[in-house]
Amino acid sequence: MKMKIIASTGVKGGVGKSTFAILFAFKMLEKNKKIVLCDCDVECPNDYLILKQKLKNPKPIYQEFPVLNEKKCKKCGLCSKVCSEHAIFWIKNNYPKFILDLCTSCGACWISCPNNAIEKKKEIAGEFFINKIKNNFWLITGRSKAGISETGPIVREVKEKTIKFAKKINADYLIIDTSAGAHCNVIQALLNCNKVYAVTEPTPLGAYDLSVILELTKKLNLFTEVVLNKANIGNKKEIEKIVRKFNKKISIEIPYSEDLIKAYCNHQLEKMVNLI
Amino acid sequence: MKIVIASGKGGVGKSMLASNIILLFSKERKVAACDCDVDAPNLGLWLGITEYNFIEKISTSKKAFIDKKKCIRCGKCEKVCNFKAIEKKNNFFEVNPFLCEGCGACKLVCLANAIKIKNVKNGEIRVNNTKYDFPVISGKLYPGETGSGKIVEELKRRVEKFNYEIAIFDAPAGIGCPVIASVRGSDFAILITEPTHSGLSDLKRILDIVNFFKIPYGIVINKWDINSKLSRKIEKSYKKKILGKISYDKKVIDCIVNLKPVIISDSKVVKEINKIFDNLNKILKM
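As they're listed, the protein sequences go chains A and P. Following the working numbering, the numbering of the first sequence begins with 0 at its first residue and continues without gaps. Following the working numbering, the numbering of the second sequence begins with 177 at its first residue and continues without gaps.
Below you can see the structure in the form of structure tokens.
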């Protein structure tokens, strides 16, 4: 069987993306499948905590940042002009100053410098970790360095490395857990997935956010189904309206239960696998 | 005075708390509310806004376009792109619009002058007056577009056009570019968390950002009673920084279903939010 890549996403935070991803992993494990779970919420990764793991042996993810070689710099200011992030500050007859927390490592400055005065310096922008949870179940966690603004490329690197790893061990399923939101870090995580589960909750907030994610996956041309978490609270009508509008279906409903919260807090989600 | 509400983890109650703190401030002061979550702009819903009467499309993003007629297929653009947004398809180089950040590196290396960088309408800004008589400024990033942090920066510029004493900024989840844009320049940060291992871990992540900008902060523990043991541990770790805690109450969910701020309901959390507000005023010496 060719490996399937499944994503758990949902724009809104706290709707149960990670809970669903982990429940889904355990469910497939029950069916004797080989699973790799990839936590692509590199800004706030939590799957390892829910699974009671420690992150050890970090493997680095590098990004290249510009460093000025003052001996070569002729103070022309071209680098400042080409930087679309306004991360290079320059006053006439002065050396340019790089504001690294705005830099996205695009390379426009070192490409354009007529004197080759901008050198690239590799720096650690993030890390990833491999945990074996149990037989046939691995977790790969990506984590950005705090203060790194552009996290999309980190998600891409973590995902690429995870896909390689999952293929090497002949995994049946690669489950991608995305962050909240719908911008570049989520798009990176979703690209090329075979199936997307959009997790939501029956509130007006959940309904609005569901419409955002369904519009995004439609644009990205990704096969999507809806998971309604905390299904028995709030009001389902708004959700159903949006699901109809996008011609989707609610494939899984997870009821709100205090047992589930307890299991989440006590690292025992495996016991709740019958919920999905 | 600019106050930002952030959490790292999503769904812990940022917008819920923000809407109530704004309402409490608005009783005595001129306030402005700003929803910095342009992926999931939900603050307005908590304040009863479902439609916006002022919408302005904006362009804070650029994208590269390759002229196939001029392209000599040298492949330099593909190699230089740090976002891997240029792919070779059917012997032609194409820009993947979902990945392109519009940085212009490809244009700089193009030997045939075949690449143009164009502005893209990537989102909108919405301004509305609430029935509580203060403005809400919010934004929306169009699905699939890039440049969320820059929309947040634009929102913050718009807020400055209002005559306010206190502006509240409701940050998105995470600690990446739109969060950094929301937090930067604030006078005080209210960090909200929940007593789960995830909530605590993400609180530490957002603290890295808040401390980086040297912003004074206070912490609120939401749904503290879903795990009172971990809640006590958080209280112990952050002692003086704790502004207060909020119980879990299903009535809060009824409030959002009815688009009604929690503070005007009969939920038990009203008292707790008032106490948090009093503590906040003491710290801010207002």
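From the three backbone atoms N, C-alpha and C, an ideal C-beta is built for every residue, glycine too.
Using beta-carbon distances, K409 (chain P) does not count as an interface residue toward chain A, since no partner is under 9 Å. Out of A:I251, A:V185, A:F19, the CA that lies nearest to the CA of L219 (chain A) is found in A:V185. For a cut-off of 8 Å, the C-beta gap from T202 (chain A) to G9 (chain A) is around 13 Å, too long to register as a contact. Chain-order list of chain P residues neighbouring N45 (chain A): K185, H373, S374, S377, D378, by C-beta distance under 8 Å. DSSP places A24 (chain A) in the uninterrupted alpha helix (DSSP H) bounded by 16-29. Here N228 (chain A) is buried: its Cβ has 16 or more other Cβ atoms, across all protein chains shown, within 10 Å.
For K235 (chain A), the closest C-alpha among the options A:K11, A:T216, A:L204 is that of A:L204. Residues of the region 237-261 of chain P whose Cβ lies closer than 8 Å to any Cβ of chain A, in chain order: K238, V256, N258, F259, K260. Against D208 (chain A), the close residues of chain P are D215, A216, N218, in the order they occur along the chain (beta-carbon pairs closer than 9 Å).
Counting other Cβ atoms within 10 Å of its Cβ, F23 (chain A) reaches 16 or more and is therefore classed as buried. Secondary structure note for N228 (chain A): its beta strand (DSSP E) is the uninterrupted segment 223-228. Take K238 (chain P), set aside five residues on each side of it, and the residues of its chain with a beta-carbon closer than 7 Å to its own are G278, I293, K294, N295, V296, in chain order. When C-beta distances to chain P are compared with 7 Å, the residues of the region 160-180 of chain A below that value are S178, A179, G180, in chain order. Using beta-carbon distances, V355 (chain P) counts as an interface residue toward chain A, with a partner under 9 Å. Burial state of M462 (chain P) is exposed, judged by a 10 Å Cβ sphere holding fewer than 16 other Cβ atoms. The count of Cβ pairs closer than 8 Å, one atom from the region 213-233 of chain P and one from the region 436-449 of chain P, reaches three, so the stretches are in contact. Comparing alpha carbon positions, the residue from A:G233, A:N68, A:L173 closest to K158 (chain A) is A:L173. With fewer than 16 neighbouring CB atoms inside 10 Å of its own CB, S404 (chain P) falls in the exposed class. Here I129 (chain A) is bridged, per DSSP, to A:I139. Counting only unbroken stretches of 4 or more residues, the alpha helix (DSSP H) elements lying wholly within the region 52-123 of chain A are 77-81, 107-111, in sequence order. Among the CB atoms of chain P, one or more fall inside 9 Å of the CB of I260 (chain A). When secondary structure is reduced to three states using DSSP, E159 (chain A) falls in the helix class.
Annotated three-state conformation of K238 (chain P) is strand, per DSSP. With a threshold of 9 Å between beta carbons, T226 (chain P) makes contact with chain A. Chain-ordered listing is empty here: chain A has no CB closer than 8 Å to the CB of P311 (chain P), the nearest sitting near 20 Å.
Against I232 (chain A), the close residues of chain P are K426, I429, in the order they occur along the chain (beta-carbon pairs closer than 8 Å). Taken residue by residue, none of the region 292-306 of chain P has a beta-carbon sitting less than 7 Å from a beta-carbon on chain A.
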